[in-house]
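Chains as they are written, first to last, in my numbering: chain A, 110 to 770; chain B, 972 to 1116.
From the three backbone atoms N, C-alpha and C, an ideal C-beta is built for every residue, glycine too.
Please read all numbers here as calculations on a predicted model, not as lab measurements.
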Amino acid sequence: MVETGHFALVLAFALSLVQFVLPLVGARTGDARLMATAGPVAVTGFAMTAISFAALTVAYMLSDFSVLNVVENSHSQKPMLYKITGTWGNHEGSMLLWVLILTFFGALVASFGRNLPATLRANVLAIQGLIGSAFFLFIIATSNPFVRVSPAPIEGQDLNPILQDVGLAIHPPLLYLGYVGFSVCFSFAIAALIEGRIDAAWARWVRPWTLAAWIFLTGGIAMGSYWAYYELGWGGFWFWDPVENASFMPWLAGTALLHSAIVMERRSALKIWTLLLAIMAFSLSLLGTFLVRSGVLTSVHAFATDPARGVFILMILVFFIGGALMLFAWRAQTLTPGGIFAPISREGALVLNNLFLSTAVTTVLVGTLYPLVLESITGEKISVGEPFFNLTFGPLMVPLLLAVPFGPLLAWKRADLWAASQRLVFAFGGAVLVMLVTYSFVDRASVLAAFGIGLGTWLVLGAITDLATKSGLGSVSPGIALRRFAGLPRSAYGTALAHLGVGLTTLGVVGVMSLQTEHILTMKPGESVPVAGYEIRFEGLQPYRGPNYTEDQGRFLLMDSSGRTLTEIVSAKRFYPARQMPTTEAGIATRGVSQVYVALGDAVDGGGIVVRIWWKPLVTLIWLGCVVMMVGGSLSLLDRRLRIGAPAKRRKRLAAAEATA
Amino acid sequence: MMKRKRKRLTIIAGGLTFLGAAAGLTFYALGEKSSYFYMPADLTTASIAPGQRIRLGGLVEEGSVERGSGTRVAFGVEDGAGKVKVVYDGILPDLFREGQGVVTEGTLGGDGVFVADSVLAKHDETYMPKEVADSLKAQGVWQPE
């Protein structure tokens, strides 16, 4: 079984080379048969990678300790879910997941791109093949998950306990679907450069892929953030850790790309810029892969560090980013530039969005890479953390978020800013009201906190205003407005929901950052402490035995001010004997959109235990907002105008309807 | 035509001003808000302004951990060539142990005691904070596990 997987992996590598060479030559010489090989080869390559991945998964499920990778990262007593997710909870397995998703996207392009121009489709798949072959070679040469070990040990070394969590089942696959999804945009951009032709139709083909990648990346980042929040026991949702930044940069670039592709699709403008963004989004994904996989960083994500791997990925990185940018510099001027337009217009607003987002990417990039560059030049070690990003990223986001509600209300070509402002009067009034209420009635709310809450409200109300305006609420009767609302294109809901989600996330971030309270104290059983209007009583510690760990569970009762018990909170110190490693299992109680977060510290002399309790107001909105953004993105993706080949389907449906009529 | 040209110039000038401001802010923030990493041995020679945030890394000295009242704790951080007393008020990370690598962040007081506001230990038993490992290797006191 393991050998089958190994063999399939090598076959997939060979197929990726075929997928690169044949269609590229075919597109160059105009040979239809060569170009036609791209599709079937891409699908077969995906099948081979899937077989390879399945073989490794089975080795994990059966705890096959003759495979080195399984020995190093699994344990026979681990629950089945973590045996399966352990497949990608290590360097080798996660790279295999990476190429699995890459070939999956290749197969999708092959299946859904049937009505793309033949040469474009061949070139896109060829570039996908080239990316694939580089990473297959990397896996086979430096990170082969199928290496055997003899004699096989009786027991494995277990997976890092921090990774033994459902989060591992969801976070990496979603993140990779996002990262790697941008490879399709990249391939489309390179194909356009090779052909020297780019038009509005190109943007229409690229946008669904960008959107899909963006949706997954949003989910992946949100999931990672929530996982870190409850698993690491620090109660933080974002640390500006280089690895987090590595996933955030492609997200920012992808968001910019989504917006600029709209301009290109509708107005044939910003062509070259959009092309560059498509290249940058995937380049930043590659940079993320390099930062995480090369071990140059200190992070929970850096599993094993091996200089050879770092150099190999760096070479892949330089090859693709350098190659793409060189091709861009060489070919971009041959592309026909798009039109120009008035600054106050929908496209003007989208350019503003791009200006802010791309500057934000640059700031995050500088903050992430500066310590690495400085250390390699001067040997000085510095850390660039939250204070840096708060000072640079924050000021960039505020004007951008303030401008968001205006964007969708502006018309294409030439818009009336005054008219848009009038429509936003209610949203503005509402935001100011919330701001004043927050400042006057919420304890400890600073001016900045009140402003932040007002900003979030402004975004939420702005998104609602957008939908209300598009339905004609106020200018037509409510009945007609309701009907118009129901008839709005899905992409209109998509935009509004995505912007609403940004508002919710903003509210959550501001709520936690400026209004949370922290209590660190020593508690003995029976003692209680008031937290944010609740009473928390410590009931005592109880030992508990899990499948591959032991833990001391601290039981707490959450009571309202009158002493009525609302819920029980269990917070634990867990110990994994296989790795001799303790972890903190935080106890969390959700009240509305806020949470009470309890983490246990060390026991002190005299029978008490150190307890850390946070009141995290609005915290769940951070991730809820991301879910709303994903729903918005999905609605947009389902918009018929965006689907490739949709007109053909509609014609067919019409024809069918006529036939039955 | 003239008007259009001027409009375009205004936009370009605006964009450049914006980028300049962003770049300025970034460099200011890099200078002000990044913290340097030191080992205990470096502290005797380094000139650190009072109140400047730094990161201090090393090994937790054996037998040095003293628990005060509540959540206050004091411990020594050493690197073979020097040691510094660190005080911290909070919960220590799960993997904080005597003789193990640690990175603390905070400010150095006038009395030579380091006041930490965050303490990071290594993430698992095979892993040592990278800065600490590199520095220990450079000083020749690194013992691979």
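Measure the C-alpha to C-alpha separation of residue i and residue j and round it to an integer number of angstroms.
i: Arg664(A); j: Met632(A); result: 12 Å
i: Phe437(A); j: Val473(A); result: 24 Å
i: Ser203(A); j: Leu211(A); result: 12 Å
i: Gly328(A); j: Arg673(A); result: 37 Å
i: Leu576(A); j: Ala601(A); result: 7 Å
i: Ile430(A); j: Thr659(A); result: 48 Å
i: Ala301(A); j: Val736(A); result: 33 Å
i: Gly135(A); j: Leu234(A); result: 12 Å
i: Phe535(A); j: Phe214(A); result: 44 Å
i: Met170(A); j: Val1057(B); result: 46 Å
i: Phe421(A); j: Trp347(A); result: 30 Å
i: Leu209(A); j: Ile645(A); result: 48 Å
i: Trp336(A); j: Ser369(A); result: 32 Å
i: Tyr288(A); j: Cys294(A); result: 11 Å
i: Ala469(A); j: Met389(A); result: 13 Å
i: Asp1082(B); j: Tyr1059(B); result: 15 Å
i: Ala518(A); j: Gln128(A); result: For the sequence presented, residue 518(A) should be read as Leu rather than Ala. Going by the C-alpha atoms only, they are around 45 Å apart.
i: Gly696(A); j: His628(A); result: 14 Å
i: Phe245(A); j: Ala141(A); result: 27 Å
i: Gly986(B); j: Leu461(A); result: 10 Å
i: Phe122(A); j: Ser292(A); result: 17 Å
Excluding sequence positions up to five away, which residues of its chain have a Cβ less than 6 Å from the Cβ of residue i?
i: Leu131(A); result: Leu143 and Thr146
i: Lys187(A); result: Asn657
i: Leu396(A); result: none
i: Met506(A); result: none
i: Ala687(A); result: His184 and Asp267
How would you label residue i, buried or exposed, when you count the other beta carbons within 10 angstroms and need 16 or more for buried?
i: Ser125(A); result: buried
i: Ser670(A); result: exposed
i: Tyr999(B); result: exposed
i: Phe428(A); result: exposed
i: Lys978(B); result: exposed
i: Gly539(A); result: buried
i: Asp714(A); result: exposed
i: Glu694(A); result: buried
i: Gly617(A); result: buried
i: Pro514(A); result: buried
i: Gly503(A); result: exposed
i: Thr981(B); result: exposed
i: Thr626(A); result: exposed
i: Glu677(A); result: exposed
i: Glu264(A); result: exposed
Helix or strand or just coil, what does DSSP make of residue i?
i: Val1055(B); result: strand
i: Thr1016(B); result: coil
i: Ser183(A); result: coil
i: Lys633(A); result: coil
i: Glu264(A); result: coil
i: Leu171(A); result: coil
i: Val551(A); result: coil
i: Ser1005(B); result: strand
i: Asp748(A); result: coil
i: Thr699(A); result: strand
i: Ala413(A); result: Caution applies to Ala413(A), whose pLDDT of 45 falls short of 50 and renders its modelled position unreliable; the model cannot decide the point.
i: Pro359(A); result: helix
i: Gly710(A); result: strand
i: Val1036(B); result: coil
i: Val1084(B); result: coil
i: Glu495(A); result: helix
i: Leu519(A); result: coil
i: Phe684(A); result: strand
Using a Cβ-Cβ cut-off of 7 Å (strictly less than) and excluding sequence neighbours within five positions of residue i, which residues of its own chain qualify?
i: Glu1049(B); result: Pro1011, Gly1029, Leu1030 and Glu1032
i: Gly642(A); result: Ser670
i: Leu277(A); result: Thr194 and Gly198
i: Val409(A); result: Because the pLDDT at Val409(A) is just 43, under 50, the model does not fix this residue reliably, and the value given afterwards should be weighed accordingly. Hits under 7 Å: Ile271.
i: Gly1070(B); result: Leu1030, Val1031 and Glu1033
Can you pull the chain C neighbours of residue i, defined as C-beta to C-beta under 8 Å?
i: Ser1018(B); result: The chain inventory of the structure shown lacks chain C, comprising the protein chains A and B.
Here's a check: name, in chain order, each residue in its chain whose Cβ is nearer than 8 Å to the Cβ of residue i, leaving out the five neighbours to either side.
i: Ser454(A); result: Leu519, Ala520, Trp521, Lys522, Arg523 and Ala524
- Message: So, does the segment 608-621 of chain A touch the segment 567-586 of chain A, judging by three or more C-beta pairs under 8 Å?
- Response: yes
- At a cut of 8 Å, does the segment 274-293 of chain A reach the segment 324-343 of chain A through at least three beta carbon pairs? They touch, by the three-pair rule.
- Item | Any 3 or more C-beta pairs closer than 8 Å across the segment 473-493 of chain A and the segment 365-377 of chain A | no
- Answer yes if the segment 694-706 of chain A comes into contact with the segment 719-733 of chain A, meaning at least three C-beta pairs across the two stretches below 8 Å, and no otherwise. By the C-beta criterion, the segment 719-733 of chain A is judged to be in contact with the segment 694-706 of chain A, since at least 3 inter-stretch pairs fall below 8 Å.
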